[in-house]
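>
Protein chains: 2
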Amino acid sequence: MAANPSAPAHPPSAAHDASARELIAARGGRVTRTRVAVLEVLRASHQPLNHDQICSALEGAGEHHDRVTLYRALDWLVEQDIATRVAGSDRAWKFELVRHHGHRHAHFHCQRCGRVLCLEEVEPALCGALPSGFSLAQAELVLHGACADCNAPEAGTEHQACL
Amino acid sequence: MAANPSAPAHPPSAAHDASARELIAARGGRVTRTRVAVLEVLRASHQPLNHDQICSALEGAGEHHDRVTLYRALDWLVEQDIATRVAGSDRAWKFELVRHHGHRHAHFHCQRCGRVLCLEEVEPALCGALPSGFSLAQAELVLHGACADCNAPEAGTEHQACL
DNA sequence: GCACAAATGCTACAATGTTGCACAAATGGC
DNA sequence: GCCATTTGTGCAACATTGTAGCATTTGTGC
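Residue numbers (my numbering), protein chains in the order written: chain A, 690 to 852; chain B, 690 to 852.
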């Protein structure tokens, strides 16, 4: 469906206030059960989810979706810049909504509970310059350590805080 | 493992000037064909290599090593802090020697030729602070873009250089 | 050289992701 | 509302990456 041209094209940053159906339609994609469901799951989550977590979330909501279809729906969302892929600690991709376009934030991977959180307030930066001739399209910063929950006094031994 | 206590323990940063055999022995590990071969391949490379590339390099040298044995040798090297794992763009791990202990460098992933390079002169930094309660053990910065080779004038269209 | 623990080399298996293809469903035109 | 077209889905099969179990071989200390 060629997105209704008279409707104002939703800018990418609108991912958080347009309805899932509108967002999909605005990209010229078909509004299907799977895409809507996946998008809502991603929107409801405050951390990147891997394929398996998304699948479970959908099953929990009583909806069954094929594994392959989920992969394809996620691929489409990434292709449309609605979602992004984040490399997880295992070899599975994690997906999250693009909420703040143009704002690069870092990810924090908790080595104790395994969660990956978005650190909205931390932005990747470089000390030093790229070698000449290199051009940069994207930067990906992943911090590894322990999150506040796992760092709570009774949670166990302390960890080194460096950098 | 109880490394020979009378031998001066090689500090991790010695990885680039001790022979592979000495380095392995200093960690109290057995000096085996596979470990020596893997270590020399990693040492000879200026970029992180995945399991498959290491395997090919060994085959090219006329040595056959079992897939599983390579994984285990690499695991051991990582465990001993002789090598580190780097998450690649596909879901395969890449491995590289620990050459400069305590010096964090970033990795550059060329989106055209697929190579991953170590940027010795670029160090990850943060703009903004970690939320309270969080502790940091390690930071991983991966830059995506085009390398100098792929960026050469005749190589094609220009890329945006931002950040 | 011998004994023993560590490492290797198999096979089998698990997890993650992709491809091909028939079928179903979303859309647009009527 | 109905139909044709095109897109997306669901299934099976397969590819890649990595792990587990276990018998055999090899490195080391004596």
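No residue lacks a Cβ here, since even glycine has one placed at the ideal position from N, Cα and C. All values derive from a computational prediction rather than experimental measurement.
#1: Could you tell me whether any Cβ in chain B is nearer than 8 Å to the Cβ of residue 784 (chain A)?
#2: Under 9 Å, CB to CB, which of the residues in the stretch 715-744 of chain A have a partner in chain B?
#3: Assuming residue 785 (chain A) is part of the alpha helix (DSSP H), what are its boundary residues?
#4: Just checking: is the beta-carbon of residue 825 (chain A) within a distance shorter than 8 Å of some beta-carbon in chain B?
#5: So, helix, strand or coil for residue 752 (chain A), using DSSP?
#6: How far does the alpha helix (DSSP H) with residue 727 (chain B) in it reach, from first residue to last?
#7: Sort A:794, A:835, A:801, A:748 by Cα distance to residue 737 (chain A) and report the nearest one.
#8: Could you check whether the Cβ of residue 711 (chain B) sits closer than 8 Å to any Cβ belonging to chain A?
#9: What does a CB cutoff of less than 8 Å around residue 740 (chain B) pick up in its chain, not counting 5 residues either side in sequence?
#10: Measure from the alpha carbon of residue 753 (chain B) to the alpha carbon of each residue in B:820, B:709, B:802, B:722, then state which is nearest.
#11: Could you check the C-alpha separation between residue 881 (chain A) and residue 833 (chain B) for me, to the nearest Å?
#12: Are residue 777 (chain B) and residue 811 (chain B) touching if we call contact CB-CB under 8 Å?
#13: So which of A:765, A:799, A:836 has the shortest CA-CA distance to residue 717 (chain A)?
#14: Provide the residue(s) that pair with residue 809 (chain A) in DSSP beta bridges, ordered along the chain.
#15: Return no unless some Cβ of chain A is closer than 8 Å to the Cβ of residue 811 (chain B).
#16: Express the C-alpha separation of residue 750 (chain A) and residue 802 (chain B) in angstroms, rounding to a whole number.
#17: Can you give the Cα-Cα distance for residue 745 (chain A) and residue 727 (chain A), rounded to whole angstroms?
#18: Given a threshold of 16 other Cβ atoms within 10 Å of its Cβ, counted over all protein chains shown, does residue 796 (chain B) qualify as buried or as exposed?
#19: Output, in chain order, the set of chain B residues within a Cβ distance shorter than 8 Å of residue 772 (chain A).
#20: By DSSP's criteria, residue 774 (chain B) is part of a beta bridge. Which residues make up the other side?
#21: Which of helix, strand or coil does DSSP assign to residue 715 (chain B)?
#22: Are residue 836 (chain A) and residue 823 (chain B) closer than 8 Å when you measure CB to CB?
#23: Just verifying my parser: in three-state terms, what is the DSSP assignment at residue 824 (chain A)?
#24: Would you say residue 753 (chain B) lies against chain A (beta-carbon separation less than 8 Å)?
#25: What does the alpha-carbon distance come out to for the pair residue 818 (chain B) and residue 821 (chain A)?
#26: Is the CB of residue 851 (chain A) under 8 Å away from at least one CB in chain B?
#27: Which residues does DSSP list as the beta-bridge partners of residue 799 (chain A)?
#28: Could you check what DSSP says for residue 819 (chain A) in three-state terms: helix, strand or coil?
#29: How would you label residue 719 (chain A), buried or exposed, when you count the other beta carbons within 10 angstroms and need 16 or more for buried?
#30: For the stretch 832-843 of chain A, which residues have a beta carbon sitting closer than 7 Å to at least one beta carbon of chain B?
#31: To the nearest angstrom, how far is it from the Cα of residue 773 (chain B) to the Cα of residue 715 (chain A)?
#32: Taking only beta-carbon positions, decide if residue 829 (chain B) is within less than 8 Å of chain A.
Here's the rundown:
#1: The residue you call residue 784 (chain A) lines up with position 95 of the first sequence. Cβ-Cβ to chain B under 8 Å: no for residue 784 (chain A).
#2: none
#3: Residue 785 (chain A) sits at position 96 when you count from the first residue of the first sequence. Run containing residue 785 (chain A): none in the alpha helix (DSSP H); it sits in the beta strand (DSSP E), 782-786.
#4: Counting from one through the first sequence, the residue named residue 825 (chain A) turns up at place 136. It does: the Cβ of residue 825 (chain A) has a partner Cβ on chain B nearer than 8 Å.
#5: By 1-based counting over the first sequence, the position of residue 752 (chain A) is 63. If DSSP states are grouped into helix, strand and coil, residue 752 (chain A) belongs with coil.
#6: Here residue 727 (chain B) is taken as the residue at index 38 of the second sequence, counted from 1. Note, residue 727 (chain B): alpha helix (DSSP H), 722-733.
#7: Position 48 of the first sequence, counting from 1, holds the residue named residue 737 (chain A). Of the candidates A:794, A:835, A:801, A:748, the one whose C-alpha sits nearest the C-alpha of residue 737 (chain A) is A:794.
#8: Translated into the one-based positions of the second sequence, residue 711 (chain B) becomes position 22. Not one chain A Cβ lies under 8 Å of residue 711 (chain B).
#9: The residue labelled residue 740 (chain B) in the question sits at position 51 within the second sequence. Once the five neighbours on either side are set aside, the close Cβ partners of residue 740 (chain B) are 756, 759, 760, 763, 781, 782, 784.
#10: Taking the first residue of the second sequence as position 1, residue 753 (chain B) is located at position 64. Checked all of B:820, B:709, B:802, B:722; the closest Cα to residue 753 (chain B) is B:722.
#11: Nothing about residue 881 (chain A) can be reported from this structure: the residues present for chain A run from 690 to 852 only.
#12: As a working note, residue 777 (chain B) is residue 88 in the second sequence. As a working note, residue 811 (chain B) is residue 122 in the second sequence. No; because the gap between Cβ atoms is not below 8 Å, this pair is not in contact.
#13: The sequence position of residue 717 (chain A) within the first sequence is 28, counting from 1. Nearest of A:765, A:799, A:836 to residue 717 (chain A), Cα basis: A:765.
#14: Mapped onto the first sequence, residue 809 (chain A) falls at position 120. According to DSSP, residue 809 (chain A) bridges with nothing at all.
#15: The residue you call residue 811 (chain B) lines up with position 122 of the second sequence. With 8 Å as the cut-off, residue 811 (chain B) counts as an interface residue toward chain A.
#16: Taking the second sequence and counting its residues from 1, one reaches residue 802 (chain B) at position 113. Taking the first sequence and counting its residues from 1, one reaches residue 750 (chain A) at position 61. Distance between the alpha carbons of residue 802 (chain B) and residue 750 (chain A) is about 42 Å.
#17: Position 56 of the first sequence, counting from 1, holds the residue named residue 745 (chain A). Position 38 of the first sequence, counting from 1, holds the residue named residue 727 (chain A). Taking the straight line from one Cα to the other gives about 11 Å.
#18: Position 107 of the second sequence, counted from the start, is the residue given in the question as residue 796 (chain B). That one is buried.
#19: Along the first sequence, one-based indexing puts residue 772 (chain A) at 83. Those within 8 Å of residue 772 (chain A) in chain B number zero; the least Cβ separation is about 17 Å.
#20: Here residue 774 (chain B) refers to the residue found at position 85 of the second sequence. According to DSSP, which records beta bridges pairwise, residue 774 (chain B) is partnered with B:784.
#21: Locating residue 715 (chain B) in the second sequence gives position 26, where the first residue counts as 1. Helix, per DSSP.
#22: The sequence position of residue 836 (chain A) within the first sequence is 147, counting from 1. The sequence position of residue 823 (chain B) within the second sequence is 134, counting from 1. Yes, the pair counts as a contact, with Cβ atoms nearer than the cut-off.
#23: As a working note, residue 824 (chain A) is residue 135 in the first sequence. It is a strand residue.
#24: By 1-based counting over the second sequence, the position of residue 753 (chain B) is 64. Output row for residue 753 (chain B): interface = no.
#25: Looking up residue 818 (chain B) in the second sequence gives position 129. Looking up residue 821 (chain A) in the first sequence gives position 132. When rounded, the distance between both Cα atoms is 30 Å.
#26: In the first sequence, counting from the first residue as 1, residue 851 (chain A) sits at position 162. Reliability fails at residue 851 (chain A), whose pLDDT of 39 lies under 50, so the model's placement of it is uncertain and no value is given.
#27: To locate residue 799 (chain A), count along the first sequence from 1; it is residue 110. Bridge partners of residue 799 (chain A): A:834.
#28: On the first sequence, position 130 is the one that residue 819 (chain A) refers to. In the structure shown, residue 819 (chain A) sits in coil (DSSP, three-state: anything other than H, G, I, E or B).
#29: Within the first sequence, the letter at position 30 stands for residue 719 (chain A). With fewer than 16 other Cβ atoms within 10 Å, it is exposed.
#30: 832, 833, 834, 835, 836, 837, 840
#31: Taking the first residue of the second sequence as position 1, residue 773 (chain B) is located at position 84. Taking the first residue of the first sequence as position 1, residue 715 (chain A) is located at position 26. Roughly 44 Å separates the two Cα atoms.
#32: As a first step, residue 829 (chain B) must be located in the second sequence, where it is residue number 140. Chain A, which has a Cβ nearer than 8 Å to the Cβ of residue 829 (chain B), makes this yes.
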